[in-house]
Every structure is written in structure tokens, then in C-alpha cells.
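Numbering (full-length UniProt numbering), first residue to last: 1 to 165. Report on the structure given below.
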């Protein structure tokens, strides 16, 4: 079982910048690495993919700021993960995701906050914390963040600005 400190939702070795151009490619690349770290179980990828198809997680950020790129918050049930973690994934090329509010609508997404949560009651809390981060971080800081492609800088930014309980 991995030893991940509970005081933070981020792990510097679980921050990704990917050039994948499909959801499948992104999920496979990240899942393979998370599985190697024992952060997820072998069934994680299949269940993550199925959940995203049935319950899209894209969020239209234009309601927060029209200059922000859209994000997605993919996740699956807690029985497929071993830790409580948010995995930031910067996409170098936008990839279409379904809209969380209007699942039939698709739009380009440039950043993912993949939730790994082995506490079935805590999923909504982590989602709420992500939304708080996206709506309360100063706009100029978030613009910098969304353009960042350095994994260490992404990790550092999140540890500075992400308000964790």
C-alpha cells in the first residue's frame, strides 16, 4: 500500500503534463503510472473510462472567467483506488470532454483534476475543494497556472493556493 501523507491532496510524483490527444490516451497514460505506484487498482482504468462516458465531468470555465480554459474532474468509485489524492493533468493540446451539466454538449478541455478517493463519503468534499480553488484563486494567478507546463511548478502552485481542510 502506498504511503501518501494525508495532510496534502497532491503528490509531486503524481502531476502530469501529457501530449495525448484523446480521453482514452490520457486515461491510459496516467492510469498506468498510478497503477505502478499502487495508487489505483487494476480495474481503475476501465471504471474511470465507463464513468466518464456515462457521467461526463467537463466544466465550462467561461462562467468563472471567459479567459480560462475548460477543465474536467474525472473520477470513479472509491473501491478502485487506494489513496485520497488529486492528480493534476495539464493537456498540451485541448481534448473534448462532455459537459457535467449538459452531458450531450462537448467542449475542449485543457486541464484535468483527477480525483482518487478511497473514502466513499469524501468524494463531494474533494470536488467542492477543487471548485473552491477554481473560483477563489485570483484570476491572474489562475491564468499563470493554466499555462504552466512544468510539473514541479504545477505542484508548487497547488500547494500554495489550494485551500485544504
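Glycine is no exception: its CB is placed at the ideal position from the N, C-alpha and C atoms. The structure presented is a predicted model; accordingly, all values stated were derived computationally and were not measured.
Query raised in the report: Rounded C-beta distance between residue 73 and residue 89? I'm assuming under 8 Å.
Result: At roughly 11 Å, the Cβ-Cβ gap does not stay under 8 Å, so residue 73 and residue 89 are not in contact.
Query raised in the report: Could you give the distance in angstroms between the alpha-carbon of residue 128 and the alpha-carbon of residue 105?
Result: 23 Å
Report task. For residue 26, I'd like the list of residues in its chain whose CB is within less than 8 Å of its CB, leaving aside the five on either flank, ordered along the chain. Result -> 18, 20, 89, 91, 95, 112
Report task. Would you list, in sequence order, the uninterrupted alpha helix (DSSP H) runs of no fewer than 4 residues that lie entirely inside the UniProt domain "PTS EIIA type-2" (7 to 161)? Result -> 23 to 36, 44 to 54, 123 to 136, 139 to 147, 151 to 161
Query raised in the report: Could you give the distance in angstroms between the alpha-carbon of residue 2 and the alpha-carbon of residue 55?
Result: With a pLDDT of 49 at residue 2, under the threshold of 50, the modelled position of this residue cannot be trusted; read the value that follows with caution. Roughly 29 Å separates the two Cα atoms.
Query raised in the report: For residue 45, which option in 98, 79, 15 has the closest C-alpha, if you only look at C-alpha atoms?
Result: 79
Query - Beta-carbon proximity of residue 68 to residue 158, cut-off 8 Å - result: no
Query raised in the report: Should residue 117 go down as buried or exposed, given a rule of 16 or more other Cβ atoms within 10 Å for buried?
Result: buried
Report task. Identify, in the order they occur along the chain, each residue of the same chain with its Cβ nearer than 8 Å to the Cβ of residue 119, setting aside the five sequence neighbours on each side. Result -> 78, 84
Report task. Could you check if residue 76 is buried or exposed, using at least 16 other CB atoms within 10 Å of its CB as the buried criterion? Result -> buried
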